[in-house]
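Data first, discussion second: the structure below is written as structure tokens.
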Amino acid sequence: MRKNILVANWKMNLTRNQEISIVENVLPNISSQITEVVFAPNYLSLYKIGKMCNNYENVKVAAQNCSKTEKGAFTGEVSAEMIASCSADYVIIGHSERRTYFNESNTELAEKVNRALENNLSVIFCCGESISQREGGGHFDWIKQQLSESIFHFSVEKMEKIVIAYEPIWAIGTGKTASTVQAQEMHAFIRDLLNEKYGDSIAESTSILYGGSCSSTDAKDLFAQQDIDGGLIGGASLNANDFLAIINSF
Ligand code: PEP
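And the structure:
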């Protein structure tokens, strides 16, 4: 049985106090239907928010990024080991904003995933196509390439620690959500790829999340799809009530 997971990705939007206030409001109101809620605060709040969530078995904490390098003279970088030392559970790797603004390639992302897994962190690995790729019909090949070049070389044991997030770039922060048909079709495609590469057990146990302007309006329909196991939520997670409404869609 795979986990239903909802991730709040706050990006670079909130101060530490604003993040703490959302967590304070969300924690006592999480419905029992959802198997896991994950907060992805900025690095500076990671430790504090991890502590706040400590007593909630189904609440986890994620960093939004990690360095591809183990350690050393890389001013401003944060290593997977440092993240693990803050008792974080996950790292988000491969978000389209990192791919676009920081030129992170599939190969570099593979290194980051490796670093995270080496440090016993789980990974939320993002993939997604641009609007021109979708309109040109190349979206399936593109997703296959992203997954093949960044994660499909890992062993079964390592794959067990990876959650995949399908996030069409044209839907992120645009208010334009993928239709349930578009999202389910891509999620089923990704599950088929997992099956081909790793067999039935990994395909059936890997959570595949949808991300891209998901709100309480469309969450219920999206999460009712057979291969959609939750969401990576940006804008709608910046307010406790909006995020709770999505949590309660399960
Ligand atoms: C995201 O950035 O992962 C995301 C899904 O953002 P939004 O929900 O704002 O589209």
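Its first residue numbered 0, the sequence shown is counted upward by one per residue in numbering that gives the first Met the number 0.
Heads up, the beta-carbon is just placed ideally off N, CA and C, and yes, glycines get one too.
Source: prediction; values computed, not measured.
Give a single yes or no on whether residue i has its beta carbon closer than 7 Å to a heavy atom of the ligand PEP.
| i | result |
| --- | --- |
| Cys213 | yes |
| Glu166 | yes |
| His152 | no |
| Leu108 | no |
| His186 | no |
| Leu231 | yes |
| Asn102 | no |
| Ile201 | no |
| Asn8 | yes |
| Ile171 | yes |
| Gly93 | no |
| Ala39 | no |
| Gly234 | yes |
| Gly210 | yes |
If we cut at 8 Å on Cβ distances, does residue i have a partner in chain B?
| i | result |
| --- | --- |
| Thr99 | Going by chain labels, chain B is absent from the structure shown, which holds only one protein chain. |
Can you name the residues that DSSP bridges to residue i?
| i | result |
| --- | --- |
| Ala164 | Cys125, Leu208 |
| Phe38 | Ala7, Val60 |
Go to residue i, then tell me how far its alpha helix (DSSP H) extends in each direction, as first and last residue.
| i | result |
| --- | --- |
| Gly230 | Note, Gly230: premise wrong, no alpha helix (DSSP H); beta strand (DSSP E) at 229-232. |
| Asp241 | 239-246 |
| Trp141 | 138-149 |
| Glu254 | With the chain covering 0 to 249 only, the question about residue 254 has no answer from this structure. |
| Glu18 | 15-25 |
| Gly198 | Segment: none, Gly198 is in no alpha helix (DSSP H) and carries neither H nor E. |
| Lys47 | 45-52 |
| Leu221 | 215-222 |
Under DSSP, the beta strand (DSSP E) around residue i begins and ends at which residues?
| i | result |
| --- | --- |
| Val90 | 89-92 |
How about the segment 201-211 and the segment 220-234: do they share at least three Cβ pairs that are nearer than 8 Å? yes
Determine contact between the segment 18-29 and the segment 134-145, defined as no fewer than three beta-carbon pairs at a distance below 8 Å. no
Would you check if there are 3 or more beta carbon pairs closer than 8 Å linking the segment 124-134 to the segment 34-41? With a cut-off of 8 Å, the segment 34-41 and the segment 124-134 do not count as touching, because too few Cβ pairs lie within range.
Across the segment 231-245 and the segment 209-216, are there enough close Cβ pairs to call them in contact, namely three or more that are closer than 8 Å? yes
Does the segment 51-70 come into contact with the segment 80-88, if we say contact requires no fewer than three beta-carbon pairs (one atom in each stretch) closer than 8 Å? yes
Any contact between the segment 141-156 and the segment 187-198? By contact I mean 3 or more CB pairs, one from each, below 8 Å. yes
Evaluate contact between the segment 89-105 and the segment 47-54, counting only Cβ atoms and requiring at least three cross-stretch pairs below 8 Å. no
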